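> First to last, the protein sequences are chains D and X. The numbering used here numbers the first residue of the first sequence as 51 and each following residue consecutively. The numbering used here numbers the first residue of the second sequence as 51 and each following residue consecutively. Note that beta-carbon positions come from the ideal geometry of N, C-alpha and C, so glycine has one too. No experiment lies behind these values; they were computed from the predicted model shown. Before I ask anything, let me first share the structure, which is written out below as structure tokens.
Protein chains: 2
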Amino acid sequence: MHFTSETRLDGDLLEREFTLDGVPGILWTPATASEPTPLILLGHPGGVGRMYPRLLGRARSAARSGFATATIELPWAGDRPGSPAARQVRAELIDVLDSGAPVTDDLVDRLILPLVEAAVPEWIATIDALLALPEIGGPVAHSGGAIAIATRLARIEPRVVAAGMFAGSYVPRSILAEAPQVTIPLHVLLQWDDEGNDRRMALDLFDAFGSAEKTLQANMGGHTGVPAFAGEDAGRFFERHLR
Amino acid sequence: MHFTSETRLDGDLLEREFTLDGVPGILWTPATASEPTPLILLGHPGGVGRMYPRLLGRARSAARSGFATATIELPWAGDRPGSPAARQVRAELIDVLDSGAPVTDDLVDRLILPLVEAAVPEWIATIDALLALPEIGGPVAHSGGAIAIATRLARIEPRVVAAGMFAGSYVPRSILAEAPQVTIPLHVLLQWDDEGNDRRMALDLFDAFGSAEKTLQANMGGHTGVPAFAGEDAGRFFERHLR
Numbered sequence: 051m052h053f054t055s056e057t058r059l060d061g062d063l064l065e066r067e068f069t070l071d072g073v074p075g076i077l078w079t080p081a082t083a084s085e086p087t088p089l090i091l092l093g094h095p096g097g098v099g100r101m102y103p104r105l106l107g108r109a110r111s112a113a114r115s116g117f118a119t120a121t122i123e124l125p126w127a128g129d130r131p132g133s134p135a136a137r138q139v140r141a142e143l144i145d146v147l148d149s150g151a152p153v154t155d156d157l158v159d160r161l162i163l164p165l166v167e168a169a170v171p172e173w174i175a176t177i178d179a180l181l182a183l184p185e186i187g188g189p190v191a192h193s194g195g196a197i198a199i200a201t202r203l204a205r206i207e208p209r210v211v212a213a214g215m216f217a218g219s220y221v222p223r224s225i226l227a228e229a230p231q232v233t234i235p236l237h238v239l240l241q242w243d244d245e246g247n248d249r250r251m252a253l254d255l256f257d258a259f260g261s262a263e264k265t266l267q268a269n270m271g272g273h274t275g276v277p278a279f280a281g282e283d284a285g286r287f288f289e290r291h292l293r
Numbered sequence: 051m052h053f054t055s056e057t058r059l060d061g062d063l064l065e066r067e068f069t070l071d072g073v074p075g076i077l078w079t080p081a082t083a084s085e086p087t088p089l090i091l092l093g094h095p096g097g098v099g100r101m102y103p104r105l106l107g108r109a110r111s112a113a114r115s116g117f118a119t120a121t122i123e124l125p126w127a128g129d130r131p132g133s134p135a136a137r138q139v140r141a142e143l144i145d146v147l148d149s150g151a152p153v154t155d156d157l158v159d160r161l162i163l164p165l166v167e168a169a170v171p172e173w174i175a176t177i178d179a180l181l182a183l184p185e186i187g188g189p190v191a192h193s194g195g196a197i198a199i200a201t202r203l204a205r206i207e208p209r210v211v212a213a214g215m216f217a218g219s220y221v222p223r224s225i226l227a228e229a230p231q232v233t234i235p236l237h238v239l240l241q242w243d244d245e246g247n248d249r250r251m252a253l254d255l256f257d258a259f260g261s262a263e264k265t266l267q268a269n270m271g272g273h274t275g276v277p278a279f280a281g282e283d284a285g286r287f288f289e290r291h292l293r
């Protein structure tokens, strides 16, 4: 892990850009923390530059609870090298959505599974590197991003002790089949009237998780209209499980 | 409204039992309030005596936010005169549940609609009487109880400005049809693995409400196992809308 920049932001937040095996990322730590902090990995739909304002907002909010946050760019997104295969299947998706035809399970598999396979090892390597820093002590939680990535990570990475998920993306059937093996506490946000979201699949996935503590919170307001109080409720979820 | 007892409980809560046109009820007010307070009506499944410990817990919690709370006994429940018709249909329900047969829409109608018709005017009369007290200023919210009663009250009583609902009881089709006319902010709790609950109906009802702000929070833990954090989240809902 190589730090490539270090900026002290207002509100006592230290922002450091890094690269890890060629993957760019950002680490935010509360500058005034006197002991190693818990860590929340911030998922996103790809394109850290485009998502930066919202990621920073989530980082600031977590820092007020004394938590470090970090994110990395997704495969084939942002400034990372593209993938002809990923471009091709994304173009297919756009054609299907434009035509009004249903998005088939096969298309969802080809769209999401390669992303999960490529991204999850990178997030695990990021956990390795961040927990090696003296200022990061754990425990580790994951928040948001593609729910398929979040589900796989929650299933296979025991250092992730809690996950806040956002039910706003496609879920391959094989990921749904993994859900019963997820047993950590979950807080799942669902935008009820999100047109780009398959509500039935989101409810099926929530139902399938094996966790004894799982909360589904559904709100109105469309894909990007998560109300402020829902963010605060999610923040309290992390406070309960990271302290 | 006649007060029949007055008790100062620890935690500076004043508890007064009352009767209103023969309906017994309880009013809890923060004893130290210096100005007229908002009011939360506490719904319940019937049997105030049996429900008293949980009702008192909800009253204490609301009083910490500076809110008065009140409840009345449901028709044909607790110490109120019974109804042969209500006893008959309840016995039918028990037979149906024992036999494992599905609970028909007709049975739900005969079980719930007379209760809604009888109870809602009593809750409205209670609002009238409580708002006439100098220590109660409004606004008024409704919390819990049979969701069919809560839905009807939210639809027809404009003084109820917000409702916390508990999706844990039968919903007649005609009440589902009223839901689009409910437009106040809603916070709906659903116990996801509640065996006595029809989850599909609960989701349909949540979907049908006309409110621009509505939140569904689903948790694990069975009918009576609402986690403490869910109660706190509901408390914040009332704080947002009653202040």
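Please compile the residues from chain D whose C-beta is within a distance smaller than 9 Å of the C-beta of X/Glu245.
Walking along the second sequence from the start, residue 245 of chain X turns up at place 195. Going along chain D, no residue has its Cβ under 9 Å from X/Glu245, so there is no contact; the nearest lies around 14 Å.
> So, is the C-beta of X/Thr54 closer than 8 Å to a C-beta in chain D?
Position 4 of the second sequence, counting from 1, holds the residue named residue 54 of chain X. Judged by the 8 Å Cβ criterion, X/Thr54 is not in contact with chain D.
> Mind pulling the chain X residues with CB within less than 9 Å of D/Phe279?
Reading the first sequence from its first residue, position 229 is the one you call residue 279 of chain D. Those within 9 Å of D/Phe279 in chain X are Thr265, Asp283, Arg286, Phe287, Arg290.
> Just checking, does the stretch 85-92 of chain X make contact with the stretch 270-287 of chain D on the three C-beta pairs under 8 Å criterion?
No, the stretch 85-92 of chain X does not touch the stretch 270-287 of chain D.
> Should X/His52 go down as buried or exposed, given a rule of 16 or more other Cβ atoms within 10 Å for buried?
Within the second sequence, the letter at position 2 stands for residue 52 of chain X. If you draw a 10 Å sphere on the C-beta of X/His52, you find fewer than 16 other C-beta atoms in it, and that means exposed.
> Which whole-angstrom value describes the C-beta separation of D/Pro222 and D/Ala191, a residue pair presumed to lie in contact below a C-beta threshold of 8 Å?
If you number the first sequence from 1, residue 222 of chain D lands on position 172. If you number the first sequence from 1, residue 191 of chain D lands on position 141. About 23 Å; that fails the 8 Å criterion.
> If we ignore side chains and look at the alpha-carbon of each, how far apart do X/Gly93 and X/Leu106 end up?
As a first step, residue 93 of chain X is located in the second sequence; it is residue number 43 there, counting from the start. As a first step, residue 106 of chain X is located in the second sequence; it is residue number 56 there, counting from the start. Cα-Cα distance, rounded: 12 Å.
> Does the pairing of the stretch 235-244 of chain X with the stretch 211-219 of chain X give three or more beta-carbon distances under 8 Å?
The stretch 235-244 of chain X is in contact with the stretch 211-219 of chain X.
> To the nearest angstrom, how far is the alpha carbon of X/Asp71 from that of D/Leu266?
Sequence index remark: in the second sequence, residue 71 of chain X carries index 21 (1-based). Sequence index remark: in the first sequence, residue 266 of chain D carries index 216 (1-based). Their backbone Cα atoms lie some 42 Å apart in a straight line.
> Using a Cβ cut-off of 8 Å (strictly closer), state whether D/Ala217 contacts chain X.
Here residue 217 of chain D is taken as the residue at index 167 of the first sequence, counted from 1. Answer no: the Cβ-Cβ gap between D/Ala217 and chain X never drops below 8 Å.
> Whole angstroms are fine: how far does the CA of X/Ala112 sit from the CA of X/Glu185?
Sequence index remark: in the second sequence, residue 185 of chain X carries index 135 (1-based). Sequence index remark: in the second sequence, residue 112 of chain X carries index 62 (1-based). When the Cα atoms are used, X/Glu185 and X/Ala112 turn out to be separated by approximately 15 Å.
> D/Glu67 bridges to which residues according to DSSP?
For the purposes of this step, residue 67 of chain D is taken as the residue at position 17 of the first sequence. Beta-bridge pairing links D/Glu67 to D/Ser55, D/Ile76.
> For the 8 Å Cβ check, are there 3 or more pairs between the stretch 131-144 of chain D and the stretch 161-171 of chain D?
yes
> List the residues of chain D that X/Met270 touches, going by C-beta distances under 7 Å, in chain order.
In the second sequence, counting from the first residue as 1, residue 270 of chain X sits at position 220. Residues of chain D passing the Cβ test: Ala262, Glu263, Lys264.
> How many whole angstroms separate the CB atoms of X/Trp126 and X/Ser133, which I take to be in contact at a CB cut-off of 8 Å?
Here the question's residue 126 of chain X lines up with position 76 in the second sequence. Here the question's residue 133 of chain X lines up with position 83 in the second sequence. The pair is a contact, with the Cβ atoms about 4 Å apart (cut-off 8 Å).
> Is it the case that the Cβ atoms of D/Asp243 and D/Met270 are separated by a distance below 8 Å?
Position 193 of the first sequence, counted from the first residue, corresponds to residue 243 of chain D. Position 220 of the first sequence, counted from the first residue, corresponds to residue 270 of chain D. Closer than 8 Å, so yes.
> Kindly indicate which three-state DSSP category D/Ala227 falls into: helix, strand or coil?
Along the first sequence, one-based indexing puts residue 227 of chain D at 177. The answer is helix: DSSP assigns D/Ala227 an H, G or I state.
> Run through the DSSP bridge pairs and tell me what X/Ser111 is partnered with.
As a working note, residue 111 of chain X is residue 61 in the second sequence. Beta-bridge pairing links X/Ser111 to no other residue.
> Alpha carbon to alpha carbon, how far is X/Asp159 from X/Gly96?
To locate residue 159 of chain X, count along the second sequence from 1; it is residue 109. To locate residue 96 of chain X, count along the second sequence from 1; it is residue 46. So the alpha carbons of these two residues sit roughly 18 Å apart.
> Give the range of the alpha helix (DSSP H) segment to which D/Leu236 is assigned.
For the purposes of this step, residue 236 of chain D is taken as the residue at position 186 of the first sequence. Segment 236-241 is the beta strand (DSSP E) holding D/Leu236; no alpha helix (DSSP H) there.
> Counting C-beta neighbours from all protein chains within 10 Å, is the total for X/Ala182 16 or more, i.e. buried, or is it exposed?
The count along the second sequence starts at 1 and reaches residue 182 of chain X at position 132. With fewer than 16 Cβ atoms within 10 Å of its Cβ, X/Ala182 is classed as exposed.
> Measuring straight from C-alpha to C-alpha, what distance separates D/Leu203 and X/Val232?
The residue given as residue 203 of chain D occupies position 153 in the first sequence. The residue given as residue 232 of chain X occupies position 182 in the second sequence. Answer to the nearest angstrom: the Cα atoms are 40 Å apart.
> Enumerate in chain order the residues of its own chain whose CB-to-CB distance from D/Asp155 is below 7 Å, with the five nearest sequence positions on each side excluded.
Along the first sequence, one-based indexing puts residue 155 of chain D at 105. Here D/Asp155 has Arg223 as same chain residues with Cβ atoms under 7 Å from its own Cβ, once five neighbours each way along the sequence are excluded.
> Just the C-alpha distance for D/Ile174 and D/Ala227, rounded to the nearest angstrom, thanks.
Counting from one through the first sequence, the residue named residue 174 of chain D turns up at place 124. Counting from one through the first sequence, the residue named residue 227 of chain D turns up at place 177. If you take the alpha carbons of D/Ile174 and D/Ala227, they lie about 21 Å apart.
> So what's X/Gly273 in DSSP terms, helix, strand or just coil?
Start at 1 with the first residue of the second sequence, and residue 273 of chain X comes out as number 223. Correcting the residue type first, residue 273 of chain X is His in the shown sequence and not Gly. X/His273 falls in the coil class under three-state DSSP.
> Give the secondary structure of D/Ala30 by DSSP, where H, G and I count as helix, E and B as strand, and everything else as coil.
Given a span of 51 to 293 for chain D in the structure shown, any question on residue 30 of chain D remains unanswerable.
> Would you say X/Glu123 and X/Val98 are within 8 Å of each other, going by their C-beta atoms?
Here the question's residue 123 of chain X lines up with position 73 in the second sequence. Here the question's residue 98 of chain X lines up with position 48 in the second sequence. Cβ atoms of X/Glu123 and X/Val98: closer than 8 Å.
> X/Leu64 and X/Thr54: beta carbons closer than 8 Å?
Within the second sequence, the letter at position 14 stands for residue 64 of chain X. Within the second sequence, the letter at position 4 stands for residue 54 of chain X. Going by C-beta atoms, X/Leu64 is not nearer than 8 Å to X/Thr54.
> Can the beta-carbon of D/Phe256 be found less than 8 Å from the beta-carbon of D/Phe117?
In the first sequence, the residue the question calls residue 256 of chain D occupies position 206. In the first sequence, the residue the question calls residue 117 of chain D occupies position 67. Going by C-beta atoms, D/Phe256 is not nearer than 8 Å to D/Phe117.
> Quick check: X/Val73 and X/Glu207, are their CB atoms within less than 8 Å of each other?
Along the second sequence, read from residue 1 onward, the residue named residue 73 of chain X stands at position 23. Along the second sequence, read from residue 1 onward, the residue named residue 207 of chain X stands at position 157. It is not a contact, given that the beta carbons lie outside the stated cut-off.
> Quick check on D/Ala127: does DSSP put it in helix, strand or coil?
Position 77 of the first sequence, counting from 1, holds the residue named residue 127 of chain D. Here D/Ala127 sits in coil by DSSP.
> Between X/Pro131 and X/Leu77, what straight-line distance do the alpha-carbon atoms span, to the nearest angstrom?
By one-based count along the second sequence, residue 131 of chain X stands at place 81. By one-based count along the second sequence, residue 77 of chain X stands at place 27. In a straight line, the C-alpha of X/Pro131 is about 22 Å away from that of X/Leu77.
> With DSSP as the reference, identify every bridge partner of D/Phe216, one or two as the case may be.
In the first sequence, the residue the question calls residue 216 of chain D occupies position 166. D/Leu239, per the DSSP bridge assignment.
> I think X/Val210 touches X/Ile234, with their Cβ atoms under 8 Å apart; what is that distance to the nearest whole Å?
Residue 210 of chain X sits at position 160 when you count from the first residue of the second sequence. Residue 234 of chain X sits at position 184 when you count from the first residue of the second sequence. Indeed, because the Cβ distance is near 7 Å, the residues count as touching under 8 Å.
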